[in-house]
Amino acid sequence: MTLTSMGPANRIARSAETHPLTWRLREDGEPVWLAEYQAKNGYTAARKALVDMAQADIVQTVKDSGLKGRGGAGFPTGVKWGLMPNDESMNIRYLLCNADEMEPNTWKDRMLMEQQPHLLIEGMLISARALKAYRGYIFLRGEYVDAARNLNKAIDEAKAAGLLGKNILGSGFDFELFVHTGAGRYICGEETALINSLEGRRANPRSKPPFPAAVGVWGKPTCVNNVETLCNVPAIVGNGVDWYKSLARAGSEDHGTKLMGFSGKVKNPGLWELPFGIPARELFEDYAGGMRDGFKLKAWQPGGAGTGFLLPEHLDAPMFAGGIAKVGTRMGTGLALAVDDSINMVSLLRNMEEFFARESCGWCTPCRDGLPWSVKVLRALERGDGQAGDLETLEQLVTSLGPGRTFCAHAPGAVEPLGSALKYFRPEFEAGIAKQAAAVPA
Amino acid sequence: MSTLIQTDRFVLSDTERSAIEHEMHHYEDPRAASIEALKIVQKERGWVPDGAADAIGAILGIPASDVEGVATFYSQIFRQPVGRHIIRVCDSMTCFIGGHESILGSIKNQLGIAPGQTTADGRFTLLPVCCLGNCDKAPALMIDDDTFGNVDAGSVAQLLEAYA
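Line by line, the protein sequences give chains L and F. Counting in our numbering, the first sequence runs from 1 upward without gaps. Counting in our numbering, the second sequence runs from 1001 upward without gaps.
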């Protein structure tokens, strides 16, 4: 069987045993609606979870599977689920799906929601049962209009088939699901900012603790999981932990498969479901086809704007959290970006920090004031107007906006690529200091 | 699109009012419908006029200042008039590498507007937008609800023609 991920260039063989997230996808890229989803074994895991399994066993299964969050941070999903209170009197609980996909170079959740909305609904249904949530919201960014339409249609189909609503599959479990569309702002993807936004407030992050599991949306216990994370749940429950743990390559500490991608000036930019632990070089060469003729790989980022830059020599690193950590950054979303030799790193970082500065919510001072400062310095360096001490200023910002220095992870994510660019491409920054100014490629 | 004449007194249409009241029921707390309420107003009028915050706040039972705070926070809520069509050019690093700045240059040449500006004839407003999730087809842009990939400086003019 072959698959188009987002375009006809990305055909790879796949099966139910090896590609739990994508094997049901259609060749023509059209959505898999309910009849086809059910014909392809859809909602059998939900039946098992709701009818045959005890609630605590679902949580234990997900814990044992080692599933980690797929939104970029990689927090163990079972542990997050385990933070929900045991107190039965706290019976109003929410499951939120973080579908606010805005991380630069990330287009995996979009594909899942547009082409396979029922997989997400089934994942949320099983997860809601495990978390004892009576209501769920899919927090979807407003620009994903096709995903909103397809999710709403799929929710209507599921309601009509008794897969959402009251007494689902005769189990006595009730669950209702809504799509909530956003109105812009990258910070809404931060889970406590997302909760504020869902409540109709400005999307400033909240102080933690208390964590959402204790005090979440409208003060009630709340679990926030990413789209791809929730889409892993049906196959884990349906096929079991042993099967799930057999999916990744030998040596990987992370389990299962991951939607991975490569973009930039590669021959075959795309998105593929691949086992954790495959070498980045395999992703780059065998799937993305290497660089387009006339371009050389200068640097790459493993998974989104908030991850650090790596060099071509780091392509042998295996794609799992620990494998990428060993070469000095984070795997992030696992959708990698190739930077080619026509790109000036100062200009690229100027573009990235303009984005991070614009998207700062403004709540804490280091982020609100530090990021525009970095933009000002980078613009000067790009023009060749940099001053002595500018690199030291940037390095100071990398430190003072780093992990633990700001209210949330926005600014640390913003300075991680900057720090790595300064480390690996320092001469390009030095060249921007006035009098030494070199021509900057467009 | 119906054009409402703006006066000092902002009045919600019956359609807007009932759409907002419908949204409120999806949430435990009416405040949660504030963003959707702003989008409902913007859908018909193109932007959120002065006075809308008072009207929305009155329905939801929250202060107008809270509604205004939300309206000014979110980048896709417009507190000033915009063109009939919104061009959103993705400015993520992937589209930067793909050449989005040359697309912005091409739009500037054709329409004379930079990001944040509206053409004098009120046809187009140009805005930046966070990664549109089309990175395998960079550079990408949206015109109203339509997303386009693999755009280049030369093809932008043709895309714009379809939006009168």
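Heads up, the beta-carbon is just placed ideally off N, CA and C, and yes, glycines get one too.
Requested in this report: Assign N41 of chain L to one of three DSSP states: helix, strand, or coil.
Outcome: coil
Report task. Within the same chain, show all residues whose beta-carbon is closer than 6 Å to that of G74 of chain L, passing over the 5 residues directly before and after it, in chain order. Result -> Excluding residues up to 5 positions away in sequence, K68, A321 lie with their Cβ nearer than 6 Å to the Cβ of G74 of chain L in the same chain.
Report task. Determine, using beta-carbon pairs with one atom in the region 1148-1158 of chain F and one in the region 158-169 of chain L, whether at least three such pairs fall under 8 Å. Result -> These segments do not touch.
Query raised in the report: Secondary structure at P1049 of chain F, three-state DSSP: helix, strand or coil?
Result: coil
Query raised in the report: Going by the CB atoms, is the gap between V375 of chain L and E388 of chain L shorter than 7 Å?
Result: The question names Glu, yet the displayed sequence has Ala at residue 388 of chain L. Taking 7 Å as the Cβ cut-off, A388 of chain L and V375 of chain L do not qualify as a contacting pair.
Query raised in the report: Count the other CB atoms within 10 Å of the CB of H1165 of chain F; is the residue buried (16 or more) or exposed (fewer)?
Result: Shown here, chain F extends from 1001 to 1164; a query on residue 1165 of chain F therefore has no answer.
Query raised in the report: Taking C-alpha atoms, which residue in L:E253, L:F407, L:L422, L:P76 lies nearest to T393 of chain L?
Result: L:L422
Requested in this report: Starting from the Cα of Y137 of chain L, find the closest Cα among L:G170, L:L96, L:R206, L:E228 and give me that residue.
Outcome: L:L96
Query - Collapsed DSSP secondary structure at F284 of chain L in the structure displayed - result: helix
**Report entry** H314 of chain L versus D293 of chain L - alpha carbon distance
**Finding:** 21 Å
Query raised in the report: If you drop the 5 nearest sequence neighbours on each side, which residues of the same chain put their C-beta closer than 6 Å to that of I92 of chain L?
Result: K220
Query - Coil, strand or helix - Q387 of chain L by DSSP - result: coil
Query raised in the report: What number of angstroms, rounded off, separates the C-alpha of A56 of chain L from the C-alpha of L83 of chain L?
Result: When the Cα atoms are used, A56 of chain L and L83 of chain L turn out to be separated by approximately 13 Å.
Query raised in the report: With distances taken from CA atoms, which of L:D385, L:T229, L:I343, L:N86 is nearest A214 of chain L?
Result: Nearest of L:D385, L:T229, L:I343, L:N86 to A214 of chain L, Cα basis: L:N86.
Query - Residues in the region 104-136 of chain L having any Cβ partner in chain F nearer than 7 Å - result: P104, N105, T106, W107, R110
Query raised in the report: In terms of residues, what are the limits of the beta strand (DSSP E) holding W300 of chain L?
Result: From DSSP, the beta strand (DSSP E) with W300 of chain L extends over 297-301.
Requested in this report: Taking C-beta pairs closer than 7 Å, name the residues in chain L that V1129 of chain F reaches, listed in chain order.
Outcome: E143
Query raised in the report: Per DSSP, V1089 of chain F is paired with what?
Result: F:P1128, F:L1141
Query - Counted within 10 angstroms of its Cβ, other Cβ atoms place P104 of chain L as buried (16 or more) or exposed - result: buried
Query raised in the report: Listing by chain order, which chain F residues have their CB less than 7 Å from the CB of I343 of chain L?
Result: In chain order, I1097 make up the part of chain F whose C-beta sits under 7 Å from the C-beta of I343 of chain L.
Query raised in the report: If you measure from the beta carbon of Y94 of chain L to each beta carbon in chain F, is any gap under 7 Å?
Result: no
Requested in this report: Measure how close the beta-carbons of H1133 of chain F and R185 of chain L come, nearest whole angstrom, since I'm counting them as under 8 Å.
Outcome: Checking the displayed sequence, the identity of residue 1133 of chain F turns out to be Gly instead of His. That pair is no contact at about 16 Å.
Query raised in the report: So, helix, strand or coil for L1160 of chain F, using DSSP?
Result: helix
Query raised in the report: Hey, quick one: how far does the alpha helix (DSSP H) through M260 of chain L stretch, first residue to last?
Result: Segment 257-264 is the beta strand (DSSP E) holding M260 of chain L; no alpha helix (DSSP H) there.
Report task. Go through its chain and collect everything with a Cβ distance to I1086 of chain F's Cβ below 7 Å, but skip five positions before and after it. Result -> Correct list, in chain order: T1125, L1127, D1144.
Requested in this report: Would you check if there are 3 or more beta carbon pairs closer than 8 Å linking the region 1059-1073 of chain F to the region 1112-1119 of chain F?
Outcome: no
Query raised in the report: The alpha helix (DSSP H) spanning E1028 of chain F covers which residue range?
Result: Counting along the chain, E1028 of chain F falls outside any alpha helix (DSSP H), and DSSP gives it neither H nor E.
Query - Beta bridge counterpart(s) of R135 of chain L as assigned by DSSP - result: Paired residue(s): L:Y94, L:E176.
**Report entry** DSSP-derived helix/strand/coil call for V79 of chain L
**Finding:** In the structure shown, V79 of chain L adopts helical secondary structure according to DSSP, grouped into three states.
Report task. Please work out which residues of its chain come closer than 8 Å, Cβ to Cβ, to E199 of chain L, disregarding the five sequence neighbours upstream and downstream, and give them in chain order. Result -> V217, W218
Query raised in the report: Sorry if obvious, but does the Cβ on K208 of chain L come closer than 6 Å to a heavy atom of the ligand GTP?
Result: The ligand GTP is not part of this structure, which contains no ligands at all.
Query - Beta-carbon spacing of A336 of chain L, F262 of chain L below 7 Å - result: yes
**Report entry** Same chain only: Cβ atoms within 7 Å of R405 of chain L, ignoring 5 sequence neighbours per side
**Finding:** Cβ neighbours of R405 of chain L beyond the five flanking positions: P366.
Query raised in the report: Can you give the beta carbon distance from A154 of chain L to L50 of chain L, rounded, assuming they're within the 8 Å contact cut?
Result: Between L50 of chain L and A154 of chain L the Cβ distance is about 18 Å, and since that is not below 8 Å, they are no contact.
Query raised in the report: What residues of chain C sit near Q1076 of chain F, judged by a beta carbon separation below 9 Å?
Result: Among the protein chains in the structure shown, which are L and F, there is no chain C.
Query raised in the report: With distances taken from CA atoms, which of L:G277, L:R47, L:E114, L:G66 is nearest D28 of chain L?
Result: If we check each option's Cα against that of D28 of chain L, L:E114 comes out closest.
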